[in-house]
Amino acid sequence: MKTKYLVHGAVIAAVYTALTLLLMPLSYGVMQIRVSEALTVLPALSPAAIPGLFIGCFVANMLGPNGMIDIILGSSATLLAALASYKLRNRPLLVPLPPVLANGLIIGPMLYYVYAVPVPLWACILWVALGEAIACYGIGLPLLRYMSKRKSIFR
Amino acid sequence: MIRDITLGQYYPGDSKIHGLDPRTKIICTFAYIISLFLVRDFLGFAITVAFLSYTIFLSKVPLKFIFKGLKPIFFIIIFTFTVNMFMTKGETLVEIWFLTITKEGLYNAFFMGLRLILLIIGSSLLTLTTKPINLTDGIERLLSPFRKIGVPAHELAMMMTIALRFIPTLLEETDKIMKAQMARGADFETGNLLRRAKSLIPLLVPLFISAFRIAQDLAMAMEARCYRGGDHRTRMNAMRFHWRDALASFAMIGFIAIILLQAYVF
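Protein sequences, first through last, are from chains A and B.
According to this note's numbering, the first sequence is numbered sequentially starting from 1.
According to this note's numbering, the second sequence is numbered sequentially starting from 1.
As structure tokens, this is what we get:
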């Protein structure tokens, strides 16, 4: 049972990283639309996705070019969001909301303070949240709908 | 398309930096990043550049690879630089039509730009000289004291190791599914952003199903070999601190001491 949880988490992490790497230039940087963030709806289907997404984001950022701060803050944002999405699992329309908020509020200020992107703070936050919303609501929500029909694979 | 992807940035080698314990490298990188935010003027950066250059020299990683890490953030650097230069108020140096370059702006632009470049180069040196698998091991060992407060260090590291192992497999799988869907008329390349994003769903669903099939097999194989978590597990390559790790740590402490003295005492 425990082994299965571990392996499911690992596979979700691998899918996240593979998608991030595949859509490389779009996945990193300030104006990012990270398609793999659509997977943040998965905690609604399987709790193994919580550590899975955290590790996925960690590894993706580790292999990516943005350095240590992005690795730590990016994956913590994803972890917080995954926990919140898991709590909201009975309200499908709200499931993609936590990653939008968490990334906006953590990555936005990170870009502003650490990478010194010289646009106002609110613009950084809004910009990140917008990219995230496209991934989470545009792809994540339909993905959640389709995957709900195939829940058996998560067992 | 998929052949082009190199996993991570690791540059194989057997330099003194490659040979350091991953734990030493992770902690030193942390310390280096913190030190960058302690620097208050260009003299501090000059010391940092000297220290970093010597480390790069020791690592024997060609400069080409070091600077390749900067490519993805090139636009941020240029953007940061330009906006800082023109938007900072202060003593006017040059005035061209509506654009004014101030003394403070020029200073800010160089200061922020340099810090960003040093940040990226310094932290990519860690991934350039450490294999992802060793990095994972190092993280597991560094996190293990936190097991007492409930951080599942071994489980997280195991997930990371398995994930690293399956990334190439899944990349290949994605490629296969993409071609299969294209043969059935799927279109991944036209339309606006939202439409293109939506076109990825017929890719994601089969990808998941295939990934979970792999997971099923792997879980069974692990259980058949009596895998039962981190306790009492032994390693083929145990990590050990060597004298060179002590040396590297001392060098790092010395560097931070110099930065602190330069910025806050003199």
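By construction, the Cβ of each residue, glycine as well, lies at the ideal position given by its N, Cα and C atoms.
A quick note: this is a predicted structure, and the numbers were derived from the prediction, not measured.
| message | Need the endpoints of the alpha helix (DSSP H) that residue 132 (chain A) sits in, please. | response | 121-133
| task | Please look up how many angstroms separate the CB atoms of residue 52 (chain B) and residue 118 (chain B), rounded, as I've assumed it's under 8 Å. | result | 7 Å
| Should residue 242 (chain B) go down as buried or exposed, given a rule of 16 or more other Cβ atoms within 10 Å for buried? | exposed
| said: Using only the alpha-carbon positions, how far apart do residue 12 (chain B) and residue 129 (chain B) sit? | reply: 7 Å
| message | Only counting the same chain, and skipping five residues up and downstream in sequence, which positions put a Cβ closer than 6 Å to that of residue 144 (chain B)? | response | 153
| request: Measure the CB-CB distance between residue 252 (chain B) and residue 50 (chain B) and report whether it falls below 7 Å. | output: no
| field | Proximity test, Cβ basis, 7 Å: residue 117 (chain B) and chain A | value | no
| Nearest-angstrom Cβ-Cβ length linking residue 143 (chain A) and residue 106 (chain A), presumed shorter than 8 Å | Not really, about 23 Å apart at Cβ, beyond 8 Å.
| said: On the DSSP bridge list, what partners appear for residue 17 (chain A)? | reply: The partner list for residue 17 (chain A) (beta bridge, DSSP) is empty, contrary to what the question assumes.
| query | Does the Cβ of residue 93 (chain B) have 16 or more other Cβ atoms within 10 Å, making it buried, or fewer, making it exposed? | reply | exposed
| Cα-Cα, which of B:212, B:23, B:10 is closest to residue 239 (chain B)? | B:23
| Classification of residue 11 (chain A) by the beta-carbon crowding that lies within 10 angstroms, buried from 16 upward | buried
| message | Against chain A, which members of the region 79-109 of chain B pass a CB distance test of less than 8 Å? | response | 79, 80, 83, 84, 87
| task | Return helix, strand or coil for residue 88 (chain A), following the three-state DSSP convention. | result | coil
| said: I need the straight-line Cα distance from residue 1 (chain B) to residue 23 (chain A), nearest angstrom please. | reply: Only weak support is given to the placement of residue 1 (chain B): the predicted model assigns it a pLDDT of 47, under 50, and the value that follows is read from those uncertain coordinates. Their backbone Cα atoms lie some 10 Å apart in a straight line.
| query | Given a threshold of 16 other Cβ atoms within 10 Å of its Cβ, counted over all protein chains shown, does residue 42 (chain B) qualify as buried or as exposed? | reply | exposed
| task | Can you grab the Cα-Cα spacing for the pair residue 172 (chain B) / residue 200 (chain B), in whole Å? | result | 16 Å
| Collapsed DSSP secondary structure at residue 12 (chain A) in the structure displayed | helix
| field | DSSP state of residue 114 (chain A) mapped onto helix, strand, coil | value | coil
| So what does residue 101 (chain B) bridge to, in DSSP terms? | B:94
| said: Does the structure place the region 68-85 of chain A close enough to the region 39-46 of chain A that three or more beta carbon pairs sit under 8 Å? | reply: yes
| query | Are residue 95 (chain A) and residue 132 (chain A) touching if we call contact CB-CB under 7 Å? | reply | no
| query | For residue 230 (chain B), which residues from the same chain have a beta carbon less than 8 Å from its beta carbon, with the 5 sequence-adjacent residues on both sides left out? | reply | 153, 154, 155, 158
| said: What would DSSP say about residue 239 (chain B), mapped onto helix, strand or coil? | reply: coil
| field | Listed by chain order, chain B residues near residue 2 (chain A) by CB distance under 9 Å | value | 155, 228, 229
| Reduced DSSP category for residue 190 (chain B) - H, G, I as helix; E, B as strand; rest coil | coil
| request: At 7 Å on the CB atoms, spell out the chain A contacts of residue 214 (chain B), in chain order. | output: 11
| query | At least one CB of chain B closer than 7 Å to the CB of residue 110 (chain A): is that the case? | reply | no
| Once you ignore the five residues that flank residue 77 (chain B) on each side, which residues in its own chain have a CB closer than 8 Å to its CB? | 70, 113, 116, 117
| Could you give the residue range of the alpha helix (DSSP H) that holds residue 141 (chain B)? | 132-143
| Measuring CA to CA, which of B:108, B:192, B:123, B:135 is closest to residue 69 (chain A)? | B:123
| query | Are the region 181-190 of chain B and the region 200-219 of chain B touching, with three or more C-beta to C-beta distances below 8 Å? | reply | yes
| request: Would you mind working out which of A:61, A:4, A:50, A:2 sits nearest residue 19 (chain A), comparing C-alpha positions? | output: A:61
| task | For my contact list, residue 127 (chain B) and residue 54 (chain B) are in at a C-beta cut-off of 8 Å; report their separation, rounded to the angstrom. | result | No, residue 127 (chain B) and residue 54 (chain B) are not in contact; Cβ-Cβ is about 19 Å, not under 8 Å.
| field | Supposed contact pair residue 211 (chain B) and residue 13 (chain A) - C-beta distance, whole angstroms, cut 8 Å | value | Actually they are not in contact, since the Cβ atoms of residue 13 (chain A) and residue 211 (chain B) sit about 10 Å apart, beyond 8 Å.
| field | For residue 49 (chain B), the three-state DSSP class (helix, strand or coil) | value | helix
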